[in-house]
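*Asks:*
In the working numbering, the protein residues as written are 44 to 195.
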């Protein structure tokens, strides 16, 4: 088992909770109908032959649109492939939250409570599933916060 600088070990309890949350996100991404925003992004910035992904638009999240285009070109269009960048962002977010809660407190019950509040919150989970740039943005922000806490 690996440990961080504070001597905490990776808890199977936290890992299994994070894994369950991730599987729930994948299931939702697979079966949930596309929203109007996801469809607009797909039709306006992913499908066109010209690379309209660089076009300035409030509905265009550049990294998300580029990744959507890549995954749709490779795997074909489906709700899951359109949302695959968001699912990847969710995986990064959950991993960063797992590391962050371990840095915040050494108590397992409090770590688990924080993990559940930060990941299983329905408002947060909606952003982690939606095929927009929010999941990637939350993942990168949480990684930055985790790094700042770790170096503090």
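Backbone N, C-alpha and C fix where the C-beta goes; we use that ideal spot for every residue, glycine too. Quick caveat: nothing in here was measured; it's all calculated off a predicted structure.
Under 9 Å between the Cβ atoms of residue 104 and residue 180?
*Replies:* Stepping through the chain shown from its first residue, residue 104 is reached at position 61. Stepping through the chain shown from its first residue, residue 180 is reached at position 137. It is a contact, given that the beta carbons lie within the stated cut-off.
*Asks:* For my contact list, residue 133 and residue 186 are in at a C-beta cut-off of 8 Å; report their separation, rounded to the angstrom.
*Replies:* Residue 133 sits at position 90 when you count from the first residue of the chain shown. Residue 186 sits at position 143 when you count from the first residue of the chain shown. Separation of the CB atoms of residue 133 and residue 186 is rounded to 13 Å, and the pair is thereby denied contact status at 8 Å.
*Asks:* Got a sec? Which residues, its chain only, sit under 7 Å from residue 163 by beta carbon, not counting five neighbours each side?
*Replies:* Sequence index remark: in the chain shown, residue 163 carries index 120 (1-based). Taken in chain order, the residues that qualify are 64.
*Asks:* DSSP state of residue 77, grouped into three classes?
*Replies:* Residue 77 sits at position 34 when you count from the first residue of the chain shown. Coil.
*Asks:* Rounding to the nearest angstrom, what Cα-Cα distance links residue 73 and residue 121 in this structure?
*Replies:* As a position in the chain shown, residue 73 is number 30, starting the count at 1. As a position in the chain shown, residue 121 is number 78, starting the count at 1. Each residue's alpha carbon lies about 8 Å from the other.
*Asks:* Evaluate the contact criterion for the region 105-119 versus the region 76-89: three or more CB pairs, one atom per stretch, below 8 Å.
*Replies:* yes
*Asks:* Less than 6 Å between C-beta atoms, sequence neighbours within five positions excluded: which residues of the same chain meet that for residue 174?
*Replies:* Within the chain shown, residue 174 is the residue found at index 131, counting from 1. So the list reads 81, 125, 126, 129, once near-sequence residues are dropped.
*Asks:* Can you give me the Cβ contacts of residue 83 inside the same chain, cut-off strictly under 8 Å, excluding the 5 residues immediately before and after it?
*Replies:* Residue mapping note: residue 83 aligns to position 40 of the chain shown, counting from 1. Excluding sequence neighbours, residue 83 sits near 102.
*Asks:* Considering only the alpha carbon of each residue, which of 190, 145, 160, 131 lies closest to residue 172?
*Replies:* Residue mapping note: residue 172 aligns to position 129 of the chain shown, counting from 1. When each option's Cα is compared against that of residue 172, the closest is 131.
*Asks:* Rounding to the nearest angstrom, what Cα-Cα distance links residue 115 and residue 97 in this structure?
*Replies:* One-based indexing of the chain shown puts residue 115 at position 72. One-based indexing of the chain shown puts residue 97 at position 54. Distance between the alpha carbons of residue 115 and residue 97: 18 Å.
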